[in-house]
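Colleague: Here's a structure for you.
Residue numbers (our numbering): 12 to 163.
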């Protein structure tokens, strides 16, 4: 099951649309190649969206480590021919993630890790900070996780 939500504005408290897609088969996880399993799921969700997108936010990393290597978000950005910026919001620290990716929200002492392609790191962090919610994880990111788990 793969899910996505659409927002009209970064600060919207609730999505304007929810998308849930059943993905018939998913590749096994291969260390260092997370994108092989997850990218087809994201592509299936994107096929259901007709309107142009300003940006795509994923649960995970766009780039990994320092020096940066391509992660799931970079694979998506390249797949989209670099036409739509991709912002990655990760909850777990990846080895070597640079300090510039750290974002503290909601008074939490634990950061989120924000990486981006197609926009600067500072702009991506400003946008994630502007997302609704008073806790560490923006409300809509918690919401889409629930949508995926429920399957609708």
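By construction, the Cβ of each residue, glycine as well, lies at the ideal position given by its N, Cα and C atoms.
1) Measuring CB to CB, does residue 87 end up less than 8 Å from residue 60?
2) What residue range does the beta strand (DSSP E) around residue 34 cover?
3) If the criterion is Cβ atoms closer than 8 Å, does the pair residue 132 and residue 21 meet it?
4) Taking the C-alpha atoms as reference points, what is the distance between residue 18 and residue 26?
5) Using the Cα positions of residue 153 and residue 146, report the straight-line distance between them to the nearest angstrom.
6) Determine, using beta carbons only, whether residue 95 and residue 64 come nearer to each other than 8 Å.
7) By alpha-carbon positions, which one of 127, 29, 49 ends up nearest to residue 155?
8) Hey, how far is the Cα of residue 81 from the Cα of residue 128?
9) Let me confirm a value: residue 97 is counted as buried when at least 16 other C-beta atoms fall within 10 Å, else exposed. Which label applies?
10) If I measure Cβ to Cβ from residue 56 and keep anything under 6 Å in the same chain, skipping five residues before and after, which residues do I get?
11) Just mark residue 136 as buried or exposed, buried being the case when its beta carbon has 16 or more other beta carbons within 10 Å.
12) Apart from the five residues on each side of it in sequence, which residues of its chain come closer than 8 Å, Cβ to Cβ, to residue 37?
Modeller: From the atom records:
1) no
2) From DSSP, residue 34 is part of no beta strand (DSSP E); its letter is neither H nor E.
3) no
4) 5 Å
5) 10 Å
6) yes
7) 29
8) 10 Å
9) buried
10) 13, 15, 30, 32
11) buried
12) 48, 51, 52
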